[in-house]
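Scroll down for the structure; my scribbles are underneath it.
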Amino acid sequence: MSVKGTTALVRLASNPGCEILGAMILEPGSEKRFYERVVGEPYDREFGERQSSKRRGAQFEQNAYAGDARLLREAFASHLGLAPDDVVVRNLLDDFPGTKDDARIARLSITRTLLKDAREGKPAPHIIIQPQLMLPTKPGPKPYFFVAPDLLILSPQNDVYLPGDLKSFVVRENELSKGDLARVRLQLGAQLLALMHEYDRFDKTAIIPASGMLVFSKPNGLAPHAPRIEDVAGGVEAIRIGIAAFLRHRQRVNDLRAGAEPYTVVADLQPHFQDSCLNTCVMAQWCRQRVAEAAGDLGDVAGRVLGDMELSRAFGLMTGDIEPADDHERLIARHLVDLAEQHSIERAA
Amino acid sequence: MNAFDDTLHRVLARYHGRAIPVRTSSQLSPDPDVTIGIATIKIVTEEQIQAIAFGELDQEPQVIVRLDPIGRDVQDLEPFAAFLGDTVVRAAAVDSALRLWVPHSVTLEALDVLGHRYWRNQTAPASIVRMGEICRIIAHEAIIPGQQLVADAAALLQDHVVTGLAPLEEGHLGAILAWLDPTVSDPVAEARERIRLPASGVLPNTPDCHWDDTIDRLRKEMKGAHGARRHLLEDQIAHILRRAVLREWNLLIEGRRAFLDLGLPSSLSGLVKDSNQRVRDALDNGFFPARSPKRLVEQLNVMEAGQEKSELAALEADAMLRDQAARAGGVVRGEVSTVRQNKPGFKPCDIEVSSDQGIIRFRLDDKVRIVGTNVAGVVRGLATAPGGGTRVCIEITSGVRTRNVLTAGARVELIREPYAFINYRSLGEAHTQQPWAFYSDSAPVLPSRPSSGQSALAIARAMRR
Amino acid sequence: MTFPLRTRRNLADQVLDAAIEHALFGSAPVSIVKSPPGAGKTFLVECAAAVAVTPPAGMRVVIVTPGVSQLYDIARRLLQYRLPRLELAHAQHRVLPSDLVGRINASNGWNQNLNSGPGVIVTNAHLLAANFHHLGPNAFDLMILDEAYQLAAGDYLQIAYMAPRTLMVGDPGQLHPVNSADTTNLEASPHKIHWSAPAYVLDRFSNTPVHGLPVTRRLLPDTSDLVQAAFYRDLPFQSVVEPSERRLRFHIPGLERGLDDALDAIAAGKSLVAITLPGAAPMHEEADLELSDLIACIADRVLLRQAEWIGERVLSEEDIACIEPHVIAGGAIRDGLRQRGRAGIQVDTVERWQGLQMPVSVVRHPLSLPNVPTAFDLEAGRWCVSLSRHQIGCIVVAREAVHGVIDDYVHGCDTVAAGARDTTWAGFEAHRMIWNALRDQGRVFAL
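Chains as they are written, first to last, in our numbering: chain A, 436 to 784; chain B, 77 to 541; chain C, 1429 to 1875.
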């Protein structure tokens, strides 16, 4: 998995207990490739962003950045307390376009200069487009993550920048799915954590508010909504937990693989399958096999209620074919029998 | 249902290979005379509809496929606009409520976005603008708890049955239907196979069914194509889109049938009336999203009133829900122990109800009702019985002639009446008065008043008795 | 009283005076007073009313309460003053409590004889809104919103024009107005009418004068410091309670290790302690019966050991509060108390304890649950109310598993609408701070 961008960090924050995820992040190449190498078969489902999404995302950004970022200046003017024409924008893609490493490094260097300039009271743009930040996870393989918010916006209060992201999916009033909300907030959390690391490099007194900004698309055309200020303190901590987990998983994978590729030791790793994996992870079906005949196959809640009880055992308790082994099972059996009778009676009627 | 009960139901459903009902009543009233269905296929993230199937549910649907959904030409939407407009007119003509079935909430979102794009579009024809407005009315009514306009098949099934899948998997309409189809012998495997292809109003894009990528490629090619080649590409696009939207339509039909086959009764006349009134008003007078403080308060109050009323309606109709509510004190079951009524059939009338329940959520002066009757009253007393039960004293305010209930020994169930009053007049007056805190951008500056020069504490101390 | 305490009390008095002065005589039409638990909020309301009706002010004052029980309580307090006029208006179907009958001019609904000349009428927002046609703009000279953070902005809208001056008094750390409907879209609106009235006004008019009462007269210093740090980061306050006046003595020594150790810790001056029961809450029941029984046992034990509030009285059942967030578990606690012959000890949910105080409280930890904590469980306001009712001692009761719930929590970031303050995370941080402090200070007693 790539360490460019926040995808890996967001996934770790969402499921820090999963060692398989750790191996996937360490393995070069795409997630689908990882699946194929582990399972030995092509991935048979859809995964990844659709062409229409990528296109719209690119168009939304292009629109926002056009004309010296006129739409962005209008969107952020009120937040900055300035007239749109007075908002200064610096687009780092103009200086060093592209996604190659040397372009990223160059943008990182400029970003660091601009952060410092603002803190020192020197002229600095109000909005930086396509900055680059780095989140260290050294020593060890994959010693850092490249983190690239779409924007950095200068906070009017204290000369620090806050991260911002453009999200091209349509928001009518304020409706977002929980999944999307969690993901974009964790992305901001990762960006904020990276920003904190950057500031810490040269100014330990800088206080970075735990906020980020999101700009969604209106339903009509590609017009941006007014930015939403997101409270991401919880997201920052979740990312920290995710990084700590990554360091642990990395150590474990390295201990096991002895130089071989990470995917080779997956069978010895502990997955942490949860319902949300079904919507987000290529390995979900494979990890699910570990709970296939257990209560966890009925969902996270059932897994907590019944523990690691096999479903066949639960059926046996219900039919009376299996004697309960303890008080917990006695209780489960009693309730299952009552429920079964209730529904049998209804069906018979 | 709590986590434990939900889990047990899932175990039972998995064992039997069938969905288990968890309600004994329906939260949807019977379909009115004018009932239609809509299914859509959208472009992901663009939120542009690229195919629609619509029509009455006992007929083959009309299908529109949009070769260029992102373009400005909206002629292809005209048949859908005409259908919506005609449906609304027809409902008004026969004085019928309207009902729209959709397979799932993504269809509603797609209609709402369609509505946002066209309802005030000054370059679109009047029929398209009206279509946009109707879509917005539909989407707005759909968010009001207890509404009866929109029947979301997936949501209805999820609310009324439990399967042997994980809850997340039940969000896939095809998956949940596998548990309601007696011809499916292995619903686990069947459901999980169905989940491979989305049932969420988008084109599939799996390695073995990559319609989304295909359409993308065909549209790109079509841009530079002419003549016969162009026609061929158009046909191919139309074929895929038609198949996809009919797949959604069939899910809708099957979902509706499965829900109706549950055979759950409903008693929702109040909710039906409220919902119809709102929809009728909007269709007749126009849709105006709430922006002013007064309208926002009204809208919030409407939603809260809907929530209260639908919870009460569910409780009244569903013994299973009443069982759960009784455990938490929301329903009080007991026996009428005393009736004080000077003249039978007349007020004043007070009763005492003795209940074994130790947990009761009623408070003094709460308005309550006896389930299944027209008897209502106000709680005037609550006392704990020595054995742990409770005695509730109620001043009866209506239904005093219902003697079979207002008699010692009668077993009753009490529920709290919903607080669903919306003071439109007061809100209207507030809007007229335009208090600055809500309607102005700046606070007024009051003329300072001369104070006494004494400390507030000293003044208060001097005034104490 | 020690010098520091006297100084703090004097400062608090100065803040009270300034707040009332600004509200009644200043140029700002709205003033907000943020009042931590036990700060003397109701006393401020009484003082403001007294000043308002006295010359030269001579105002017609309306005091608006969110609910009817607060209405009667304020009326009782105001009866202690010689006011030129004191009236009460409540809903048509209400019956005046017997202790107020004959002592106050009470009206079911509104009548034209009310509100004549300088004086005070106590009522609630719904009644005023229902009688708007009798009232009009500036029907009153001063509107005091008591427990203002419990009044939704949408309710305030309907009465805001009835007075040119409004004094909002309330506790920002406690429970805010409850919304049963989905308020997602309102978070993106310039009018967040689902917020509390003070929060709404401050959101739109950030220059609104705000006064913070800097003291608590209820909470002892150790509880006060924790509660302030956890729930009131923007409102510094300190305890002005003389610890020697809030001491508990047990006439019967303790025998049960763990449980009595916790009670002895309270007697030794630690006003906030915790007791943990081994294991985790059972998944199969709606209430953790063992834990509920422990709560009943603790409440009973306080009385069995003949707890005495030194210098005041031997404690009785009326002096103990059992605070349980869930109704069914509350019922289990009541059963336990009844079996022990303690049916007079009040058990209730957090919502019903808001605004009240007791010498001793026994609180079920909201995260002592079998499931992953939800936004409801983590809500800061609910926890703040639970931990701020006690005048002498609070015993938090939890399963041992709560250590893991707090240590292993990973925030999902999906519980609040886009653009909304993450109150779930704020609640978790408060939980973590409090629990870690109790642990670090050796105040968690394991059974």
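For every residue, glycine included, the Cβ atom is placed at its ideal position computed from N, Cα and C.
- Residue 1718 of chain C sits in a helix when the DSSP states are folded into three classes.
- Taking 7 angstroms as the CB threshold, residue 1807 of chain C stays off the interface with chain B.
- Residue environment analysis places residue 1459 of chain C among the buried positions, since at least 16 neighbouring C-beta atoms fall within 10 angstroms of its C-beta.
- For a Cβ distance threshold of 7 angstroms, residue set 441, 454 of chain B lies close to residue 1521 of chain C, ordered along the chain.
- Within the same chain, and ignoring the five residues on either side of residue 628 of chain A in sequence, the residues whose Cβ sits closer than 7 angstroms to its Cβ are 570, 671, 674, 675.
- Look at the beta carbons and you see the region 1740-1755 of chain C not touching the region 112-130 of chain B: under three pairs across the two are nearer than 8 angstroms.
- Residue 1482 of chain C belongs to the set of residues whose beta carbon lies under 7 angstroms from a beta carbon in chain B.
- Between the alpha carbons of residue 588 of chain A and residue 552 of chain A lies a distance of about 14 angstroms.
- If the five residues before and after residue 510 of chain A are omitted, its C-beta is found closer than 7 angstroms to the C-beta atoms of 650, 659, 661, 662, all from its own chain and listed in chain order.
- By the C-beta criterion, the region 472-490 of chain B is judged to be in contact with the region 438-453 of chain B, since at least 3 inter-stretch pairs fall below 8 angstroms.
- For residue 608 of chain A, the closest Cβ of chain C is nearer than 7 angstroms.
- Note on geometry: alpha-carbon atoms of residue 239 of chain B and residue 196 of chain B lie some 43 angstroms from one another.
- Annotated as distal: residue 1451 of chain C and residue 1643 of chain C, with beta-carbon spacing of 7 angstroms or more.
- Chain C has a Cβ within less than 7 angstroms of the Cβ of residue 613 of chain A.
- By the C-beta density criterion, residue 558 of chain A is exposed, having fewer than 16 other C-beta atoms within 10 angstroms.
- Against chain B, the CB of residue 1624 of chain C has no partner CB under 7 angstroms away; the residue lies outside that interface.
- When the beta-carbon positions are compared, residue 1449 of chain C and residue 527 of chain B come within less than 7 angstroms of each other.
- No Cβ of chain A is located within less than 7 angstroms of the beta carbon of residue 337 of chain B.
- In this structure, residue 224 of chain B lies away from residue 342 of chain B, with their beta-carbon atoms at least 7 angstroms apart.
- Looking at the DSSP output, residue 1536 of chain C shares a beta bridge with C/1518.
- Taking 7 angstroms as the Cβ-Cβ cut-off, the region 479-508 of chain B approaches chain C at 499, 502, 503, 505, 506, given in chain order.
- For the region 451-464 of chain A, residues whose beta-carbon sits nearer than 8 angstroms to a beta-carbon of chain C comprise 451.
- The beta carbon of residue 590 of chain A does not come within 7 angstroms of any beta carbon belonging to chain B, so the residue lies off that interface.
- With distances taken between CA atoms, residue 106 of chain B lies nearest to B/332 out of B/541, B/437, B/332, B/193.
- Sorting A/488, A/538, A/753, A/547 by C-alpha distance to the C-alpha of residue 638 of chain A places A/547 at the top.
- Inclusion of residue 270 of chain B and residue 247 of chain B in the CB contact set at 7 angstroms is not warranted, their separation being larger than that value.
- Taking a 10 Å sphere around the C-beta of residue 192 of chain B, we find 16 or more other C-beta atoms and assign the residue as buried.
- Cβ atoms of residue 567 of chain A and residue 581 of chain A come within 8 angstroms of each other, at about 7 angstroms.
- Note on the region 518-553 of chain A: whole alpha helix (DSSP H) runs with a minimum of 4 residues are 527-530, in chain order.
- A contact between stretches requires three or more CB pairs, one per stretch, nearer than 8 angstroms, and the region 453-473 of chain B fails this requirement with the region 1786-1806 of chain C.
- The alpha-carbon separation between residue 78 of chain B and residue 770 of chain A amounts to approximately 14 angstroms.
- By the Cβ rule, the region 717-726 of chain A counts as touching the region 464-472 of chain A, because three or more pairs are nearer than 8 angstroms.
- When DSSP reads this structure, residue 177 of chain B sits in a beta bridge with B/113, B/227.
- Within the same chain, and ignoring the five residues on either side of residue 554 of chain A in sequence, the residues whose Cβ sits closer than 6 angstroms to its Cβ are 594, 638.
- In the displayed model, residue 276 of chain B falls within coil according to three-state DSSP, outside both helix and strand.
- Under the DSSP definition of a beta bridge, residue 1666 of chain C partners with C/1643.
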